[in-house]
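Engineer: Can you keep this structure in mind? I'll have questions shortly.
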Amino acid sequence: MYKTLLTSLAFICFFICCITRSNAQERFQADWNSLKKYQTPEWFRDAKFGIFIHWGVYSVPAYKYEWYPRHMYREGSDEYKHQVATYGPENKFGYKDFIPMFKAEKFNADAWVALFKKAGAKYVVPVAEHHDGFAMYKTALSKWNAAEMGPKRDIIGELAAAIRKNGLIFGLSSHRIEHWWFMGEGTKFNSDVRDPDFADFYGPAKVYDPFSKSPDNVRPIMSTEFMNDWLMRNIELTDKYKPQLFWFDWWIEQPELEPYRKSFASYYYNKGIEWNKGVVLNYKNDVAFPEGTAVFDMERGKLDGIHKLPWQTDDAIGNTSWGYANGNTFKTAQYVITNLIDIVSKNGNLLLNIGPRPDGSITDEETQVLLGTGKWLKVNGEAIYGTRPWKVYGEGPTRSASGQFVDQKIPFSSKDIRFTVKGDKLYAITLGLPAPGETVSITSLGSDTGNGTVAGVELLGSNVKVKWKQNKNALIINNSAVYPTQNAAAFKITFKVLK
């Protein structure tokens, strides 16, 4: 008996050992076949709406946009002329000299996050380091950081703590790779970029224009040292702050960086397994990551239809600058809300950017847009959060913008409808508020379409009974209630059978 028992126990131990060994091997390797096993976490698919934050030293000059540190060294440019006229020549006053002016004296992470929660955001992604090379966190790899200079505060650390304390998901963004060439124009003339005392900040400062198609514009291949530094900074950010989303700008697509991209992706995904938390890695262009190995992101743009995999749009409330800049103009809450609805109907998320002032305060224009968006989501969030695309994303006369760097120039109207689904409930959302007495006609739900027999229609946020009828051509809604929110109306539709 004991022999049998010992044999059984040995078998059980062997079985457990095999399972443990098997689970231990369920880790990502630094190759595309392994990385294709990545699955987008449900928290991201459910969240739909996040906040992006571009804040750094570039908010001090506040001229034109966040690329000022590059163009202030481009001789003959408006930024160069402004710099010389306002602060003096670049060999006397360079970009580094803005750092002491970046004080963040009004920065309050808890107040920021309280506003983001009111806006209805579910995740927050501050930029940890922009192209300028100034880290907004305490790093062991450079003295040029916000914890040791300027604000003398670990901005990313403070935000991470406040975001998590308030129940939101913390992510971060790195634009470090673009620093390879970002300050390069300053090497062409007598500027402080040439000063070897500041090479650890301005360098490598290669001369290259990523947007020029001139045959003389030869891209300098990145050095092993710089790519190793990029990888080490990403690993440091991962280990120190444990972000559940890591966002990269477009230039990571360079061919020589491919082994480093794969290495970081595998490291980051394995950290997600270690933390027992789903993680998201965002990239911009198809050449950076094969489809399915990370989550695709479109800058200031949208897809024109439902994408089979979750994706994201990053857009800014500011029209001309991601960071704070004098004279910037801003989108309206109407624009943001209707584009959020459009994006969600196509299986996407919206990451909406703000650009705080150098003192850490948020502009009134951005605050009002955030509060307006949150007011709508508080009533209609049921039709957004946790939803999935239906068989068609929508209908209506207004063509949706498609592609990167394309605003929705033709405004949506109440005749434009978008669909989302949650369980056996279908949500039909108008991309404008119907006028009093205006009939809402949804042709996708005509009885002859084969999309189901409607059993009931409710207006989210209202207790007033909705009058409706379904004929062969359309579902006709004759709503007599006062709409509970501005901007858009969301109807919850139940079916005898949803198809």
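Just remember that our numbering sits 385 ahead of the position in the sequence shown, which is counted from 1.
By construction, the Cβ of each residue, glycine as well, lies at the ideal position given by its N, Cα and C atoms.
1) Express the C-alpha separation of residue 685 and residue 705 in angstroms, rounding to a whole number.
2) Return the CA-CA distance between residue 867 and residue 876, expressed in angstroms with no decimal places.
3) Decide if residue 864 is buried, meaning its Cβ has at least 16 other Cβ atoms within 10 Å, or exposed.
4) My guess is that residue 635 and residue 450 are in contact by the Cβ rule of under 8 Å, so how many angstroms apart are they, rounded?
5) Assign residue 520 to buried or exposed, taking buried as 16 or more other Cβ atoms, counted over all protein chains shown, within 10 Å of its Cβ.
6) When DSSP labels each residue in this structure, what does residue 879 get in the three-state scheme?
7) Using only the alpha-carbon positions, how far apart do residue 613 and residue 796 sit?
8) Tell me whether the beta-carbon of residue 670 lies closer than 9 Å to the beta-carbon of residue 680.
9) Would you kindly report the start and end of the unbroken beta strand (DSSP E) that includes residue 432?
10) Alpha carbon to alpha carbon, how far is residue 420 from residue 837? Give it in angstroms, no decimals.
11) Using the Cβ count rule (16 or more neighbours within 10 Å means buried), how would you classify residue 660?
12) Could you compute how far the alpha carbon of residue 588 sits from the alpha carbon of residue 443?
13) Classify residue 698 as buried or exposed, calling it buried when 16 or more other Cβ atoms lie within 10 Å of its own Cβ.
14) Looking at C-beta atoms only, is the number of pairs between the segment 537 to 552 and the segment 483 to 499 that lie closer than 8 Å three or more?
15) Return the first residue and the last residue of the beta strand (DSSP E) that residue 684 is part of.
16) Can you name, in chain order, every residue of its own chain whose Cβ lies under 8 Å from the Cβ of residue 410, other than the five neighbours on each side?
17) Taking buried to mean at least 16 other C-beta atoms within 10 Å of its own C-beta, is residue 406 buried or exposed?
18) Would you kindly report the start and end of the unbroken beta strand (DSSP E) that includes residue 810?
19) State the Cα-Cα distance for the pair residue 774 and residue 693, rounded to the nearest angstrom.
20) Does residue 723 come out as helix, strand or coil in the three-state DSSP assignment?
21) Under a three-way DSSP split, which group does residue 840 fall into?
22) Given 8 Å as the limit, is there contact between the segment 460 to 468 and the segment 710 to 719, that is, 3 or more CB pairs closer than that?
23) In terms of residue numbering, what span does the beta strand (DSSP E) encompassing residue 512 cover?
24) Check whether the Cβ atoms of residue 511 and residue 562 lie closer than 9 Å to each other.
25) Just curious, the alpha helix (DSSP H) that residue 471 is in, first and last residue?
26) Whole angstroms are fine: how far does the CA of residue 770 sit from the CA of residue 861?
27) Given a cut-off of 9 Å, decide if residue 502 and residue 551 are closer than it, judged by their beta-carbon atoms.
28) With 16 other CB atoms within 10 Å as the buried threshold, where does residue 340 fall?
29) From residue 880 to residue 841, what distance separates their C-alpha atoms?
30) Hey, residue 573 and residue 458: beta-carbon distance below 9 Å or not?
31) CB-CB under 6 Å to residue 455, same chain, minus the five flanking residues each way: which ones, in chain order?
32) Given this structure, state the Cα-to-Cα distance separating residue 475 from residue 488, to the nearest angstrom.
33) Counting only runs of 4+ residues fully inside the segment 747 to 819, write out the alpha helix (DSSP H) ranges in chain order.
34) Does the segment 753 to 770 come close enough to the segment 843 to 857 to have 3 or more Cβ pairs within less than 8 Å?
35) In the DSSP assignment, find the alpha helix (DSSP H) that holds residue 704 and state where it starts and stops.
Structural biologist: The relevant details are as follows:
1) Residue mapping note: residue 705 aligns to position 320 of the sequence shown, counting from 1. Residue mapping note: residue 685 aligns to position 300 of the sequence shown, counting from 1. Their backbone Cα atoms lie some 11 Å apart in a straight line.
2) For the purposes of this step, residue 867 is taken as residue 482 along the sequence shown, with counting starting at 1. For the purposes of this step, residue 876 is taken as residue 491 along the sequence shown, with counting starting at 1. Whole-angstrom Cα-Cα distance: 13 Å.
3) Taking the first residue of the sequence shown as position 1, residue 864 is located at position 479. Classification for residue 864: buried.
4) For the purposes of this step, residue 635 is taken as residue 250 along the sequence shown, with counting starting at 1. For the purposes of this step, residue 450 is taken as residue 65 along the sequence shown, with counting starting at 1. Not quite, the Cβ-Cβ distance comes to about 16 Å (not below 8 Å), so this is no contact.
5) By 1-based counting over the sequence shown, the position of residue 520 is 135. With 16 or more Cβ atoms within 10 Å of its Cβ, residue 520 is classed as buried.
6) Numbered from 1 along the sequence shown, position 494 holds the residue referred to as residue 879. Three-state DSSP puts residue 879 in a strand.
7) Taking the first residue of the sequence shown as 1, we reach residue 613 at position 228. Taking the first residue of the sequence shown as 1, we reach residue 796 at position 411. Near 46 Å, if we compare the C-alpha coordinates of residue 796 and residue 613.
8) Against the sequence shown, residue 670 aligns to sequence position 285. Against the sequence shown, residue 680 aligns to sequence position 295. Their beta carbons are not under 9 Å apart, which means residue 670 does not touch residue 680 by this criterion.
9) Counting from 1 along the sequence shown, the entry for residue 432 is found at position 47. Looking at the DSSP string, residue 432 is not in any beta strand (DSSP E); the run it does join, the alpha helix (DSSP H), is 427 to 432.
10) Within the sequence shown, numbered from 1, the residue matching residue 837 stands at position 452. Within the sequence shown, numbered from 1, the residue matching residue 420 stands at position 35. Using only the alpha carbons, I get a separation of about 39 Å.
11) To locate residue 660, count along the sequence shown from 1; it is residue 275. So residue 660 counts as exposed.
12) Within the sequence shown, numbered from 1, the residue matching residue 588 stands at position 203. Within the sequence shown, numbered from 1, the residue matching residue 443 stands at position 58. Rounded to the nearest angstrom, the two C-alpha atoms are 17 Å apart.
13) Numbered from its first residue, the sequence shown carries residue 698 at position 313. Flag for residue 698 reads buried.
14) yes
15) The count along the sequence shown starts at 1 and reaches residue 684 at position 299. Residue 684 -> beta strand (DSSP E) spans 680 to 684.
16) Walking along the sequence shown from the start, residue 410 turns up at place 25. Confidence at residue 410 is low in this model, with a pLDDT of 44, below 50, so the placement of that residue should be treated as unreliable; the coordinate-derived value is given next. Closer than 8 Å at Cβ, skipping near neighbours: no residue.
17) Along the sequence shown, read from residue 1 onward, the residue named residue 406 stands at position 21. Here residue 406 scores only 38 on pLDDT, less than 50, and its place in the model should not be relied on; the value that follows carries that caveat. It counts as exposed.
18) Taking the first residue of the sequence shown as position 1, residue 810 is located at position 425. Here the beta strand (DSSP E) through residue 810 covers 810 to 815.
19) Counting from one through the sequence shown, the residue named residue 774 turns up at place 389. Counting from one through the sequence shown, the residue named residue 693 turns up at place 308. Roughly 9 Å between the two C-alpha positions.
20) Taking the first residue of the sequence shown as 1, we reach residue 723 at position 338. Residue 723 falls in the helix class under three-state DSSP.
21) By 1-based counting over the sequence shown, the position of residue 840 is 455. Reduced to three states, the DSSP call for residue 840 is strand.
22) no
23) Here residue 512 corresponds to residue number 127 of the sequence shown, with the count starting at 1. From DSSP, the beta strand (DSSP E) with residue 512 extends over 508 to 514.
24) Position 126 of the sequence shown, counted from the start, is the residue given in the question as residue 511. Position 177 of the sequence shown, counted from the start, is the residue given in the question as residue 562. No.
25) For the purposes of this step, residue 471 is taken as the residue at position 86 of the sequence shown. From DSSP, the alpha helix (DSSP H) with residue 471 extends over 463 to 472.
26) Sequence index remark: in the sequence shown, residue 861 carries index 476 (1-based). Sequence index remark: in the sequence shown, residue 770 carries index 385 (1-based). Distance between the alpha carbons of residue 861 and residue 770: 26 Å.
27) Start at 1 with the first residue of the sequence shown, and residue 551 comes out as number 166. Start at 1 with the first residue of the sequence shown, and residue 502 comes out as number 117. Yes, the Cβ-Cβ distance between residue 551 and residue 502 is below 9 Å.
28) In this structure the chain extends from 386 to 884, so residue 340 is not present and cannot be described.
29) One-based indexing of the sequence shown puts residue 880 at position 495. One-based indexing of the sequence shown puts residue 841 at position 456. One C-alpha to the other measures close to 7 Å.
30) As a first step, residue 573 is located in the sequence shown; it is residue number 188 there, counting from the start. As a first step, residue 458 is located in the sequence shown; it is residue number 73 there, counting from the start. Taking 9 Å as the Cβ cut-off, residue 573 and residue 458 qualify as a contacting pair.
31) As a first step, residue 455 must be located in the sequence shown, where it is residue number 70. Contacts found: 567.
32) For the purposes of this step, residue 475 is taken as residue 90 along the sequence shown, with counting starting at 1. For the purposes of this step, residue 488 is taken as residue 103 along the sequence shown, with counting starting at 1. Rounded to the nearest angstrom, the two C-alpha atoms are 22 Å apart.
33) 749 to 765
34) yes
35) What you label residue 704 is simply residue 319 of the sequence shown in a count that begins at 1. No alpha helix (DSSP H) holds residue 704; DSSP gives it neither H nor E.
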